[in-house]
Each structure stands twice: as structure tokens, then as C-alpha cells.
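Sequential numbering of the sequence shown, starting at 21, is according to this note's numbering.
Note that beta-carbon positions come from the ideal geometry of N, C-alpha and C, so glycine has one too.
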Amino acid sequence: MAREEVVRLFRSAQEDPALRERLNTAANPEMFVQMAKELGYDFTVEEWKQVTGFQVEEFKANLSEIPGL
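Given below as C-alpha cells:
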């Protein structure tokens, strides 16, 4: 389920520049996940990392640069 949520968020952000910009303001993975939850997407930081292959230090990449989705 978490994979589908991450992919759904990624696709929504690809289609909505305002959403993408908002999510890109997150200072850290925890803030990003909290923002996503407020928008109706349900996944944890660990699930986000597993789906995207991100490491914490890689989180600074823009959402539009997520590999593999």
C-alpha cells in the first residue's frame, strides 16, 4: 500500500507544480511525510526511502528528480 501512496503522490506532484513546490519546501524527510499526510497520502519515512531508494542526505533532491518512479 505504501508504494502506491508514494507513486500517487509523485504523479500528483508531477502534474501540479504548486504541489511540487510546496513539498520541495520540506526541510527534512519527517516534515515531507507530515506534509504528505496532511494532503491525504499515507506512508512513513522508511516506506518513502524504500520506494524511492533515498538516503537521508539525498533528500535535498527535488521531488521532480526522484529516480525510478
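What whole-angstrom Cβ distance do residue i and residue j have, given they're in contact under 8 Å?
| i | j | result |
| --- | --- | --- |
| Val-71 | Pro-49 | Contact doesn't hold; Cβ gap of about 12 Å is too wide. |
| Met-55 | Ala-46 | 6 Å |
| Leu-39 | Phe-52 | Rounded, the Cβ-Cβ distance is 12 Å, inconsistent with contact. |
| Phe-2 | Ala-33 | The structure shown does not extend to residue 2, since the chain spans only 21 to 89, so no value can be given for it. |
| Glu-67 | Val-26 | 7 Å |
Please classify residue i: is it buried, with 16 or more other beta-carbons within 10 angstroms of its beta-carbon, or exposed?
| i | result |
| --- | --- |
| Leu-59 | exposed |
| Val-76 | Summary for Val-76: the model assigns pLDDT 49, below 50, so the residue's position carries little reliability, and this model does not support an answer. |
**Request:** Quick one: which unbroken beta strand (DSSP E) runs of 3-plus residues sit fully inside the region 41-66? Chain order, please.
**Result:** Qualifying beta strand (DSSP E) stretches: none in this window.
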